[in-house]
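Residue numbers (the numbering used here), protein chains in the order written: chain A, 1 to 117; chain B, 1 to 114.
By construction, the Cβ of each residue, glycine as well, lies at the ideal position given by its N, Cα and C atoms.
Just so we're clear, the structure is a prediction, and the values are computed from it rather than from any experiment.
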Amino acid sequence: GAVVSQHPSRVICKSGTSVKIECRSLDFQATTMFWYRQFPKKSLMLMATSNEGSKATYEQGVEKDKFLINHASLTLSTLTVTSAHPEDSSFYICSAPRTGLVDTEAFFGQGTRLTVV
Amino acid sequence: AQSVAQPEDQVNVAEGNPLTVKCTYSVSGNPYLFWYVQYPNRGLQFLLKYITGDNLVKGSYGFEAEFNKSQTSFHLKKPSALVSDSALYFCAVRDDNYGQNFVFGPGTRLSVLP
Chain A
1 GAVVSQHPSR VICKSGTSVK IECRSLDFQA TTMFWYRQFP KKSLMLMATS NEGSKATYEQ
61 GVEKDKFLIN HASLTLSTLT VTSAHPEDSS FYICSAPRTG LVDTEAFFGQ GTRLTVV
Chain B
1 AQSVAQPEDQ VNVAEGNPLT VKCTYSVSGN PYLFWYVQYP NRGLQFLLKY ITGDNLVKGS
61 YGFEAEFNKS QTSFHLKKPS ALVSDSALYF CAVRDDNYGQ NFVFGPGTRL SVLP
């Protein structure tokens, strides 16, 4: 079963409104989560690293005031797209690494298709 | 710095034929290599990984990949393709020198023709 749950899977919003996307690790604690954005027929681009208990780390070119990240607990990170515009329409995917005895493996959410009209 | 290249945007193969999706990487430390598959409007699904040990790694749905250190490659293979294998495939690398983040290749779209 899925170990990372992302919600909602699809959302349509009006331009100027804000949208919150949730990412939950279901059976493990994740002090770090990653948020990616995927453009059509393109690879995943890391937007930011969400850190539990501290500020998120944003990649160059990503507006931190537009893409608000809150890592409220060890199992939940949220991405809020504020004052959304049509150019923010995209597929957003979260990921949570789980460290085992040997290595760290990444688990991905199902993705959120955001359409801003 | 770490990077991943997938030289082919698109791979077409007939059903029943073997398939190969290519991946090369660059890391400063030891590479942890992964393959993920993505179906339309879905998140990424894990296929297989190489951490250490045997260079030939077997994964889900009959896929396998061979780690070649000298060529810095990690090509994905399957002996007999299915139409249902048609999807977008991503190679990814994690370098412990750079924390827990994964760097993804640009993706290769696989089309298996009936």
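Selection from the options that minimises the alpha carbon distance to residue i
{"i": "Lys66 of chain A", "options": "A:Val19, A:Val3, A:Phe91 and A:Val11", "result": "A:Val19"}
{"i": "Gly62 of chain B", "options": "B:Asp54, B:Thr52, B:Phe46 and B:Asn68", "result": "B:Phe46"}
{"i": "Ser73 of chain B", "options": "B:Tyr32, B:Ser80 and B:Gln38", "result": "B:Tyr32"}
{"i": "Gln10 of chain B", "options": "B:Val4, B:Thr20 and B:Ser3", "result": "B:Thr20"}
{"i": "Trp35 of chain A", "options": "A:Ser73, A:Thr17 and A:Phe107", "result": "A:Phe107"}
{"i": "Tyr50 of chain B", "options": "B:Val37, B:Ser80, B:Arg42 and B:Lys69", "result": "B:Lys69"}
{"i": "Asn101 of chain B", "options": "A:Met47, A:Ser5 and A:Gly111", "result": "A:Met47"}
Neighbour list for residue i in chain A, Cβ cutoff strictly below 9 Å
{"i": "Pro31 of chain B", "result": "Neighbours of Pro31 of chain B on chain A: none; closest Cβ ~11 Å, over 9 Å."}
{"i": "Gly105 of chain B", "result": "Ser43"}
{"i": "Leu145 of chain B", "result": "Past the edges of chain B, shown from 1 to 114, lies residue 145 of chain B, and the structure says nothing about it."}
Chain A within 8 Å of residue i, Cβ atoms only
{"i": "Phe90 of chain B", "result": "yes"}
{"i": "Pro7 of chain B", "result": "no"}
{"i": "Asn12 of chain B", "result": "no"}
{"i": "Pro40 of chain B", "result": "no"}
{"i": "Phe102 of chain B", "result": "yes"}
{"i": "Gly43 of chain B", "result": "yes"}
Short CB-CB distance (under 8 Å) between residue i and chain B
{"i": "Gln29 of chain A", "result": "no"}
Exercise for the section: Name, going along the chain, the residues of the region 39-72 of chain A whose beta-carbon falls closer than 9 Å to a beta-carbon of chain B. Expected result: Lys41, Lys42, Ser43, Leu44, Met45, Leu46 and Thr49
Practice task
Return the residues of the region 81-115 of chain A that lie within a Cβ-Cβ distance of less than 8 Å from chain B, sorted by chain order.
Solution key: Phe91, Ile93, Ser95, Pro97, Thr99, Val102, Asp103, Thr104, Glu105, Ala106, Phe107, Phe108, Gly109, Gln110, Gly111 and Arg113
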